[in-house]
Every structure is written in C-alpha cells, then in structure tokens.
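The next block holds one structure in the form of structure tokens; read it before the comments.
There are 2 protein chains.
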Amino acid sequence: MLALTLVASAAALTATPALAAERPEDAAAVAAQETYPTLFAEEMARAETFVDAMMAEGITVPVPRDPGGGYTHEQHKRNYRAMLLAGQLYELTGEQRYFAFVRDMLLEYAELYPTLGDHPARANQNVGRLFWQVLNDAMWMVHAVQAYETIRDDLTAAERQRIDDDVFRRAADFLSVESEATFNRIHNHATWATAGVGMTGYLLGDEELVQKALYGTAGDGEAGFLRQTELLFSPDGYYTEGPYYQRFALLPFMVFAGAIDRNQPDLEIFEYRDGILEKALLTTIQLTYDGYFFPFNDAIRDKSLNTAELYEGVAIGYAVTENPALLDIARFQGRTVISQAGLEMTRALDAGRAEPFPFRSLLFTDGPEGDQGAVAVLRDGTGPEHLAVVIKNASQGMGHGHFDKLSWQLYNRGEEIVRDYGAARFLNIEAKEGGRYLPENETWAKQTVAHNALVVNERSHFYGDRDLADLSAPTQLAFEAGEAFQYSAASIDDAYPQDGVAMTRVLALVEVEGLSQPVTLDVLRAEGQRNATFDLPLHYSGHIMRLGFDPARNVAERPVLGSGHGYEHIWVDGRATPDAAGSFMTWILDGRFYTYRFVPTQGMEVILGESGANDPNFNLRREPLAIQRVDGVQAATFVSLLESHGLYDGAAEQTVESDSQIAALRHHRQGAYDLVTIETLAGEEVAVAISWDADPNATHSATFEGREITWQGYAARVVLTGGE
Amino acid sequence: MLALTLVASAAALTATPALAAERPEDAAAVAAQETYPTLFAEEMARAETFVDAMMAEGITVPVPRDPGGGYTHEQHKRNYRAMLLAGQLYELTGEQRYFAFVRDMLLEYAELYPTLGDHPARANQNVGRLFWQVLNDAMWMVHAVQAYETIRDDLTAAERQRIDDDVFRRAADFLSVESEATFNRIHNHATWATAGVGMTGYLLGDEELVQKALYGTAGDGEAGFLRQTELLFSPDGYYTEGPYYQRFALLPFMVFAGAIDRNQPDLEIFEYRDGILEKALLTTIQLTYDGYFFPFNDAIRDKSLNTAELYEGVAIGYAVTENPALLDIARFQGRTVISQAGLEMTRALDAGRAEPFPFRSLLFTDGPEGDQGAVAVLRDGTGPEHLAVVIKNASQGMGHGHFDKLSWQLYNRGEEIVRDYGAARFLNIEAKEGGRYLPENETWAKQTVAHNALVVNERSHFYGDRDLADLSAPTQLAFEAGEAFQYSAASIDDAYPQDGVAMTRVLALVEVEGLSQPVTLDVLRAEGQRNATFDLPLHYSGHIMRLGFDPARNVAERPVLGSGHGYEHIWVDGRATPDAAGSFMTWILDGRFYTYRFVPTQGMEVILGESGANDPNFNLRREPLAIQRVDGVQAATFVSLLESHGLYDGAAEQTVESDSQIAALRHHRQGAYDLVTIETLAGEEVAVAISWDADPNATHSATFEGREITWQGYAARVVLTGGE
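Just so you know, the sequences run in chain order A and B. Numbered according to the working numbering, the first sequence spans residues 327 to 1050. Numbered according to the working numbering, the second sequence spans residues 327 to 1050.
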C-alpha cells in the first residue's frame, strides 16, 4: 500500500491548472488553422450541437423530484453533460457564450443546492440530493467540477466565492461527510464520490478534501481512492463486479487519476501497483465481444465500448501510455472526447499509429491478490465473426454478483449463442419500477438456474445467500491456450456447504479435423455426500430444428418447473429420457446451425423450457433453455459438446450441413482419468483426456481402444485417427 | 389479348444469337483494356471463384434422390448456377475451360436424363425428374438453356445432337407435354416452365416449342406466357400471390421476355399491355421495406432485393427501359449479373446516371382488370428508418394466399412493428419436413387470427376454404396520400358468407402536432346479421413496458385460447376488461416505444397471448399478440391507434418519452359519420372524420363540441386546436 506521504500544501495543489490540462491550442490560432483531426472536429461539432440546443432551451435547474428516468433526473444529467462540454468548448474556442452558460448554470445550482435535503424519491439509505441515489450526485460532481475548472479563473471573486461555497463545498461535504458510509466503501460508488471530492479539493486548493479522497475520511488509507485501486482490481486489472461495472467504474478512475497525475505527479499514479489503471483499461476492453461487454452479473446488455466512459478512458489511457492498440479501439468507437487527451489521441490516430487491438485467449484472475478465482476467455479467430467462450470462475462480485459459479457463455458470428441473462432491469424506464432493478432480478436473473451452471436440489449456489457467497471463490486449476486445444479448469467445493457438493469443470475449445470451427467441450464433475438432484441448464439462442429425442410435450397447457430459486420462472415445454444416439438437439441462429450433444448417464432426463413463468408484469424476456437432469445420485459427470455447423442462406436458398457433423460423443472413465472421444461423420476421431491433476508437469497415460494415450498436465487433446 | 400472329419460321427464330445477346465485348480486346465497371468486375470475380471451385470438385451429376435441401437437390441447383455462370464467363473471356465445363456437364446430363422417371421424393402430383417437384426442373431448364446457348455453336455436331436430344428436347417434352397440367396453368410455376421451353425452342429452332410456350399447349392463347402476363399481373403490375412470389416469378418473366425481344422483336414484348413487365419490376421493388419484401401470404422472410431474381430483373429492366431509378436499386444491391444487360447497367451506374428510387405511398390494384382489391402502401419519410404502413386488401392470391382480408403491417426504424407471420416453413432445411411448408403453415400461418385482421366467431375468413376465398375480393373504396393525412379504405362483405358479416376498414397515417411521427389510426366497422364474437388481433414486436389495464394473468399455467382456425396455437397470458383511460399498452422495440391505444366498447375484453401452443415439433416462432374481443353483438366498431414515441439509449443511459404522449383517443358516432379525436398531453387535438361515402366529391359536415366540421370525400383530418 502507498505510504501516507502527501505533503503538498494547499497552495501547491492549486497551481494552475488544477484539473484539466492547458487549453489544447490558442483558440484564435486554431480557428484560423482548423487543424483538428476529423474525429476530434466531429466530436466538437457534436458537442456544439448539444450545448447550443441546451442553451436555446434556457438554463433549467429543476427542484429534484423524480427517480431514475424521470424528468428532473434526466434534466440534471443533461445539465452536467452540457456544463462539461460547454466548458471544454470554452477552452477550445474562447467563446464567451460557453463561459456564460457554465457560469449561469452553476449560479443556478448555487441557488438550489443550499435548499436541498434528502431526495424525495429515495429508494434506500444511499439517498442523494439532486438525484434519488448518492451515486448520481457523485457523477454530477465529477462532471461539474471539470466544467467549473474551465471557467473558475475567469469569474468575478464574488461569483467564484458563491459557487465554491454553495455548490462545491456543500456537495463535497455531502458526499464525504454526510454520505461517509458510501464514501469509505471499497466499491465503484465510492470511486465516483472520491473522484468528485478529490478533484474539488485540487480545484479549490482544499488539501483536506484531497486527503479524504485519496485516503478515506479517517485519513488512514484503509479507504479512499488509492485503496480502491488496490482492492477493486485484481493484479490482472479485473474488477470484481464484472465488465459492465468495470466500464462504469473506469471513468472516475481514469479522470481522477489524470487529475492526480497533473497535480501530484510525484504520486506516479499511473505507475502505481505495476500500472494497474492501464491494465484495468485493457482488461475492460478484452472483456468484450464485438464491442459489447460480456453481460454477466447485473449487466445491462446495451453497453459496449461505445459509451462515454470508454471514450474518456481510451483518450486518457492513450495520452498516458501511448499504447497504439488503444487507437484501434478509438477507430472502432468512431467517437472521442474534446479534452487535451482526446486531441493527442486523435492526432496519433491521424498519424497512422494505430495497431490492431490484440483480442485473444486470456485468463483474468479475480481478487486483490489474484486468488479469488478468475474469468477465462477462449477465442478462435479474429474480427466480428470470431468464436469466443467466456468462463466465469470469478468470485461473487459484491451485491451485483450472480450465483453462477463455473458458468459459461459462447459467442459466434457476432451472436451470443449460449447466453447469460444479465440483469432484469430496464434502465431509466419509469414504467419498469422507475428504471431500477426489477424484482425478477433477484428471483430469476441472479439465480443459478438462470445461468449455464450446475444446480443442486433446485437451489442456487450458496442457497442464494450473498454473505455466504462472499466467503468463497472458485479455484482456477488450469488454463492453456494452445493451437488446437484451449481450455480452462476450475473447481469450487463450497457452493453448497450444507450438501457438501464439490464441482470441477473443464471447458475447452477443441479442433476436430474436418469441422469448420472448434467444438466447445464441457466436462463437469459433481460429487456430494448424499443423493441429490443435479441440473445442468443450457441457455441457448435459436429456433429448434431437430431433436435427437422424442419429448413428452406440454402443447396445450404449460406447467412451471418448480418453486423458488428461479425454478418458478421456467415453463416446461417437454421432457425426455434420451438414449446415447439421441442425446442431441440442433437449433438455428442467424443462418448457422448449432448442435448441443451430451452423454446421457443412467436415467438422465432432458427438460426443455422457457423463461417467463410467474412474471405478472411481463418483466422477463422469454428465452429457451434445456436442462440435463440426473436425480438421486451422489455424484455425476456431465459431458456435453457444442458444435456449430452449416449455413442457411434464405436469400440464395442454399442450405448446407443443417445436421450435426458428429457421429458420436463418448465418455470413458479410466481410474482417476476421464477420456472423451469425438467422432465425426467423416470418420475423424479426437480424444480429450483429463487427468484432474493441476500439476502442469505431471505425465499421465491411459489405454484406450487398445492404444496407449499419454499426456501432460490437466487436460490434452489427442488425435485418434491418422498417424501412428 | 395478343392476337395469334406468330409467323416467324423456325429458320428465322434461330438467327444467331438466340437467347443471349452478343458477347459483351471481343474477349481479347477486353482482357487488354480491362474496362469493366467495378460492380461488373466484382461479379465476374465472384462467378470465377464459384465456377473454379465447382471445376475443382469435378463434375458431379448425381442420380436424383433427395427432397429440397438434400444433397442431390442442392447439387443439381449448384450445377445449373455453375453452368450459367461458366457459359457467361466463356462469352466474356473466351476461355476454353469454361466452354469445356458446360459441355462436359451437359453431356453428363445427357447420360442421366434418359434414365429418369418420377423423382423418388415426390411430394404431390407435380413430381419432377431431377428434382422432387416439377418447378425445380423448370428452374433448372431456364438456367441450363441459357448456359447451353453460350456453347452450342462451338460444339461438334455429335455433341450438339446428343445434348439437343437427350437433355433439352426430353426436358422440354417433360415440362410441356408430360407436365401439361402445370405448364398450362396461370401460375408462376407455369411461367418458369414456359420460359424454359420457349427459350429451348428459340435455341433449337423449334417453332412448336416456342408456340407452346407463348400460347399454351393447345396453341389458343388461353394459356402460355403471354396469357400469364395478362392474368398474373394487375394493371399496376401487382402479382396476385404477393411480393415474395412476385420476386420469384420475375426472373422467368424478365429472362424469357428478353429472349422474346431478341428473337421476335415484332412482338414488342416490353411494350405489351402498356409496359406491364416494367411495371411488374417497379412494383416488386415498391413492395419492400429496407429491401425486404413485405412478407404477406406464404413468404419466407429472408427474401430481399438481394436475390438472384432481382439482380437479373434490374439488369434486364434497365437494359430495356434505361430507368435511372433502377440504377439506385443496383447500387443498393451491390450485385449484378454478368450478362450484356448487366454490363450496360453497370456502365450507366458508373456514368453517374442513377437517380433515387421513388419509394412512396402507392396503391397497387389486384386482379387482371385491377378490380380484385388492392395493396395500399403508406410511407412517411424516406431512407432505411422511414415509417411504412402496408394494407392488404388484395384477393386471395391462389394457393399461397392467406385468409387475411383487410390486414395490415407497420414498419418503423428498420423494424417490423406490427407483424405478418409469413410462411411457416424452413426452406431447404431437411429436419423441417424436408424444407417444405410445415403443417403449421395451414393451421397457423394462413389463418385469420395469425394476422392483423378481424375474426368472427373464432373462424377464419371464408372458413379457411380457399375455393370460397377465390370467389371474392375486397373492394378498395378510397386511397389518398396527402401531406398530413394518408389513408386507405376498403371493405369486404362476403368473407363470412354464412354469417353475413360485412367489414369496412380505414387505416390512416395522421400527423398530430407535437408528435415526432404520424400515428396510425385504424377504424374497423363490422356488421353482421346475428350476435357474434368479433376478435381483432394485433401482432406486435417488442417487450411490454406498461399496460393501462390490469389483466388477470396466467402466470403459473398457460391455457390455450381456442380450438381450430389457429386459436389452438395461442397461449393466453392474460385477460382484462379495460376502461377508456386504461385502454392502451406500451412496448419497446430497438430503442423506440410504441403505444397501442383503443376505444373500448361496452364489455370489450383484451386478451394478451403468444403463438406457439400445440406445436409439438417446435415449428412456430413464439411471438406476442393482443386481441380486442367484443362478444355477443351484431355489429362493432374498433377504433385503434398506434403511436411511436420516445427513445431508449442504454449505452448513453438516456430515456425520453417512454410513455405515450397521447392523453385521449375518443370515438363519436354522428349519424352515418364516425369522428375520432386524438388529444395529446400537450393539448393538441386533431379529428379524423369518416363519411363512409366513396364519392370523392361529396361534401360532409358534422357538429363536434359545438363546432361544425366540414370535409370532402371518404375521410379527412381536421385540426381542432389552434386557428380555424
């Protein structure tokens, strides 16, 4: 941890400029030359359009009233965006009207702010002043203080005093003192709060505010921004709440770090903890597919690299690191910010310095020490059509975490094939509980059965108890990203402490000769103390084309699968007890076929269902799932395969390989080892051998069909046809 | 009808060249100059890639075995595509390998063809030889004969004789004599057959084949190609089966017409019937949204302007008419054909002669005389985001027609908002009934309740009897496309002959001051002889955000709505009896909100449901619908409004106007007139007055809220707020 050596005086802190860098250019000179890069100039034009429209409407600072999505909520959000952009335009152009707009609006806030108490639409204990929750007040401050910095020097002393005292000191006091509990958390809400308060400290030359922001209100460094950078990110830059929140947290981290870097360069904030902030930025980007964040935990699915946080993050990140791969992301975004960082970054982009961002198979450890599980990403190919498997072996991820240990997702051809529901929430839509998380977020979206994760006795991991979940994390046992075989192995033995069920899961991308893409192999072992029901759901996307089995269908009345832990939300379409040859189902999505194939154990039942039962307010999406169920056993091994094949082109009336190209999937237990063989219709056969031994150097061998197979480490791919 | 004056001798008919125009250029000269337009050159390269791959595989002409989508089916399709492209490449490049490929493949067919009887996968009486249905054999011939023409002169006499006799004469005989019933139909299958046979006649100099093709096997002109151009298109160029089939039929119409034009220019085929073939082409294009064909009747939804038929159609159409709007379509397609027509068209495109295709509000009459109803299209705005209402007041449209009189659809922002199911079919996917129409096409997709059309007593129009349906068509009463008010009015009084229910429907796009887009107003009057149940379904796309009413929900068990006529396929999610203030529902689709609002009559029930019940093989898509139900009345007037409003941007966390901007929708009956008023939250109010009087010159007046409203014609928009 960083030692508490902040000695800079208040005077030193206020050396001009405090927050933003110098004006990018002398305004008049720029206007004459028009030398801005296209992307920057477009962004300026966009900002001008928005700010001009806001000016035309007149300054409107309403008395707070509405929750998220409501009028006053949206107006205050628009105000802080407009102030920041107007301030930046003032720096770029020197135009008085921008100056006057920011000044007048802040003076309006100076009227309003002292009159405020708790927001009337408070939803919980974290109530804000301008907004229904303190988080939004912190976001307001992070933006407003940057706007204020652009005009503060040019104000009259009286105006400055007014705004300092009646807006920023009050707001800083509200965030840091009155909302101390939030402020001192190790949580993204606190990152916003400390950023707002800390930047206010720099601007007003208030060392105490800076100290609080950096080291917490107690000043002991057990809270505050620096502690957040230590505890909220793993050594790989993974943020424990998941990529959706990682994106959200990135803005205050990057913006405040930029301010620290300028005001206290001796803190070397961007080198801090082996460059954790750059790692956090790069990891945030790695945790995307086609630009969209992997939607696990309480994620809203619309979020992509095309969000304000990432425009800001990429610009600041590039300005600090000059990492040319960030320019590739900026190009993808087609957007930027109109700060000095944005200007530097777009100039480098124009100078042709971009290099492709290296999306690849990676393991991201979780936890401050990197020992709280991990997220594994396996990728095959590049570009928007590539195939990616995401495996969530991470820790619970705080209050927005889901009970989804060892779950996975699959992406292909730009689509999510094996799904994660994300959050049950319609952000800012007032008709849906004021835009807050819906009740079904608790009853469905967070539950284990809503994920591609093993459920024991129809109850969620940790029995849905978050406090219990916080105590444990999976163990990442192995991860390799080889040419023809990539895999992750992880286990958790205390997701069901009362039942004592340990589970270990290997997920692998396996190349099979003659198939157009690698198949995803899923081998999951569960071992408990007493007889139990094991359910392994698969949430897929697509329309069923062929079933290998013949289910008893509920065609005229649809019952519900169970009660509680999400089971009450599943309609049952049918049930079957498939044999080995018939244990598969094929669906189509966007012109590609997918076959899910599995090895049925004795008495295994397959349940076909759909989400949406017990949903009186139509809050849930209706999406299909299939469950492999084994009942009344102490242990079970699930061996499943997901194959993508063929093409359907309705326009050209061409269909190829609409049926699976795999002839058989077999599972052999040999002592401590498991062997899975995949045989294609064309007669190719590969095996995946699993030793379940985390020692990467141990050598293993087994005899299969009269032939000895030898491999090293946790798991390996062995080609059975050809050669020898 | 064209008089039977075909006098050209066989000798005249075979004046070189018969089918295709001359080689676009002297091959050597071209190779030297490389003057092809980019689009043409790209298409050549694409053709070369495909043909080279086919050559590399070796010529494969399998014995017919499989139905649609199966291996032999697909191989013979690939063969005819490859032959045609190879022949065209031979013409363009003079390369011998292309010549040899077409020759060798046709010699293989000469081996195979004489051995063939009925295809083993016959599905009905229209069995083919190479394919499971005669239609595919005709398609094979249309392509193969064009390929043959490119090489025939360069063959040895023996080869020519062999292919003439053992392929084309046999195939022509099969299509015209053995399959006479199909050949003489007035139907698109017959268009393909006559085109194949007629072009064979031109090529082989066989006047008898040409005569049969042009005038039917009896030679009396009651069948054959010319009669088809008279009976299959309305005077507006609308093809009675609908746009999906219109697209499909366009290729043989255009290609054969091109051949006729070159071989018998005196027939003036493109001037025939006031230029009906160009009208057909332009109408086909008008019947699209974002390039996709309106999917009514048995349509596969993947079909767009980006299909082979339209590449060919646009090229031939431009070559004949030089209509610059067709170049705009070619630009949209980004594809063309490598014929002389394609070359001319792409040269004109490169020369900058394109003009925007005039998509606009239009009425397309149906029936050979234009008196069998119509399809009305109302558009607001231009470009891929524009709003369009499609109203199907057309006749039954033969065997692929649906029982959907006076139904409608709505498109906005590139999405289908109010849906038409199209066909229940997975084209060429063997697992789905061999790619044929599914049983659910009859039981659901064709039924009235699967459309946005009025259902009486839970039975489909014409009681689902196609023969009965063929006897009737709606009457298009009025159509106007004004600035602030566009509407269509139509009626049908014999869709329920046993019940004697007459129905009249007005659908209008109405501008309302302060709303971002016009609203769609739907006023439907139904009048019967005895008490009945009237159901008005709306098939919408989106996720419910807000219900004005409080339905009794089936959350733990979902029953089926009814039995037969499609009702057995509807799951019931809930039922409500809304009051006037609460008669609305809001859903979201792709970031835009839509509110469906209606005026509840006494005791009206709203049923919320979803398709997919009684679907044992998962053949149906699961899509939501809402039904307005009025029970036990002789007559009912349904007044409904569809409003699009607001924006949801999850990435920017911006939501505006997520709730309806309309305060009230009211309905007033005044004598023979109906007045509907729409009042916005902002206080604007407009009325739509309906006289139900088809006389466009009649003037009407009514008193409303103490104020006299006067209008002319069937319907009008009257602004009630602001100045007089």
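We put the CB at the ideal spot given by N, CA and C, even for glycine.
Rounded separation between residue i and residue j - CA only
i	j	result
Leu-736 (chain B)	Val-832 (chain B)	14 Å
Thr-774 (chain A)	Gly-454 (chain A)	33 Å
Gln-843 (chain A)	Val-703 (chain B)	44 Å
Phe-683 (chain B)	Ala-651 (chain B)	4 Å
Ala-449 (chain A)	Gly-394 (chain A)	10 Å
Thr-331 (chain A)	Asp-592 (chain A)	Caution applies to Thr-331 (chain A), whose pLDDT of 33 falls short of 50 and renders its modelled position unreliable; the value that the coordinates give is listed next. The alpha-carbon atoms of Thr-331 (chain A) and Asp-592 (chain A) are separated by roughly 10 Å.
Thr-1001 (chain B)	Leu-576 (chain B)	Position check: residue 1001 (chain B) holds Leu in this sequence, whereas Thr was assumed. The alpha-carbon atoms of Leu-1001 (chain B) and Leu-576 (chain B) are separated by roughly 43 Å.
Ala-358 (chain A)	Gly-678 (chain B)	Confidence at Ala-358 (chain A) is low in this model, with a pLDDT of 43, below 50, so its placement is unreliable and the value that follows should be read with caution. Using only the alpha carbons, I get a separation of about 36 Å.
Proximity test, Cβ basis, 7 Å: residue i and chain B
i	result
Phe-683 (chain A)	no
Pro-942 (chain A)	yes
Asn-632 (chain A)	yes
Asn-754 (chain A)	yes
Arg-872 (chain A)	yes
Arg-751 (chain A)	no
Ala-977 (chain A)	yes
Val-932 (chain A)	no
Minimum Cβ-Cβ distance from residue i to chain A less than 7 Å
i	result
Leu-461 (chain B)	no
Ser-984 (chain B)	yes
Ala-890 (chain B)	According to the sequence displayed, residue 890 (chain B) carries Gly and not Ala. Cβ-Cβ to chain A under 7 Å: no for Gly-890 (chain B).
Asp-876 (chain B)	no
Arg-879 (chain B)	yes
Ala-882 (chain B)	yes
Gly-395 (chain B)	yes
Residue nearest to residue i in terms of C-alpha spacing, selected from the options
i	options	result
Leu-415 (chain A)	A:Thr-774, A:Leu-669, A:Ala-815	A:Leu-669
Asp-692 (chain B)	B:Gly-563, B:Asp-819, B:Ala-807, B:Lys-772	B:Gly-563
Met-671 (chain B)	B:Asn-649, B:Pro-682, B:Asn-767, B:Glu-434	B:Asn-649
Gln-954 (chain B)	B:Phe-509, B:Asp-861, B:Ala-1013	B:Asp-861
Gln-459 (chain B)	B:Asp-532, B:Tyr-435, B:Asp-791, B:His-515	B:His-515
Leu-794 (chain A)	A:Asp-820, A:Phe-811, A:Lys-772	A:Asp-820
Thr-830 (chain B)	B:Arg-745, B:Val-377, B:Ile-385, B:Gly-854	B:Gly-854
Sequence-distant residues of the same chain with beta carbon closer than 8 Å to residue i, five excluded per side
i	result
Phe-805 (chain A)	Leu-689, Ala-700, Ala-702, Tyr-813, Ser-814, Ala-815
Neighbourhood of residue i by C-beta, 7 Å cutoff - its chain only, sequence neighbours within 5 removed
i	result
Arg-686 (chain A)	Arg-705
Asn-940 (chain B)	Val-886, Glu-894, His-895
Tyr-999 (chain A)	Ala-1015, Ile-1016, Ser-1017, His-1026, Ala-1028
Own chain, CB closer than 6 Å to residue i, minus 5 neighbours either side, in chain order
i	result
Tyr-618 (chain B)	Ser-630
Glu-1005 (chain B)	Ala-989, Ala-990, Glu-1011
Ala-714 (chain A)	Tyr-615, Arg-705, Tyr-737
Val-956 (chain B)	Phe-860, Thr-927, Met-930, Ala-962
Ala-606 (chain B)	Phe-559, Gly-563
Glu-348 (chain B)	Only weak support is given to the placement of Glu-348 (chain B): the predicted model assigns it a pLDDT of 48, under 50, and the value that follows is read from those uncertain coordinates. Here the set comprises nothing.
Residue i in three-state terms, based on DSSP
i	result
Pro-863 (chain A)	strand
Pro-591 (chain B)	helix
Gly-958 (chain A)	strand
Tyr-362 (chain B)	coil
Glu-434 (chain A)	helix
Thr-1047 (chain B)	coil
Pro-950 (chain A)	strand
Ser-733 (chain B)	strand
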